[in-house]
Structures are given as structure tokens and as C-alpha cells.
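**Student:**
Numbering (this note's numbering), first residue to last: -4 to 139.
(1) So, with DSSP's three-state summary, where would you put residue 72?
(2) Rounding to the nearest angstrom, what Cα-Cα distance links residue 113 and residue 91 in this structure?
(3) Relative to the C-alpha of residue 77, which candidate in 70, 85, 71 has its C-alpha closest?
(4) Roughly how many angstroms separate the alpha carbons of residue 31 and residue 21, rounded to a whole number?
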């Protein structure tokens, strides 16, 4: 029975020593002082990670909604092929008309140059008062 009594007595003494032992309190405070900044930093990082995860979840949900709208738009899109064919045909017609206009402008420029050449030839002859315009035309035949 001595063993039982001594064990009980030592347990009671250890409990009493925990509260009254200044070395143990100082050691506990020192360990707490060392671990508290790390635990606080870890807690802050966990909190920041949870906030980032919530934001990411919201962005994923928003992206999912947009993708669903795109999918719905692709399924319900109108057939644009006839309109594209019409636009290509119009482009071809515009190109043809542009080529015709360019050729007409070139011909007009050639006619203008010919007229300017004929004016240059006719102007010195017109400066003579004896000849009239009708005589110049009759002497040259027809104007080209």
C-alpha cells in the first residue's frame, strides 16, 4: 500500500507544483511567446486563403454563367450563311462597278488630253483674223 499512497501523494504534489512553479510558468510563457507569432501568422494566412477561395468560387460561378450564355447563343444562333453569300455577291458587284468607273475615268482623261491637244493646235490658227472657225473645220475635215 505504500506504493499506492506514494503515487497518490506525488500526483497531488505535481498538481500543486504546476500552479506554484515559477520556472515552469516562465518556460510556458517563453514557449507561448515563441509560438504565438507563428500561430497568428498561420491563422492570418488561413483566413486570407479562405477569402481568396471564396473570391475564386465567385469568379468561377460568373465564368460558368457566361459560358452557359455563350453555349445557348451558339445553339440558338441564326443561320448567317445566306447573308454572307449576299455580302460576297455585293462585294463582287461593287468591284465590277468600280472597274467600269475606273475604265470610264481613264477614257475621259484620254478624251480630255485629246481635246487639249486639239485646242493647242487650233488656237494658233484662230489668232489669224482672216480665217473663221468654219473654214478651219472645213480645211481639216472632221475633228477627231
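Beta carbons are placed, not taken as given, at the ideal position from N, Cα and C, and that holds for glycine.
**Tutor:** Quick look at the numbers:
(1) coil
(2) 33 Å
(3) 85
(4) 15 Å
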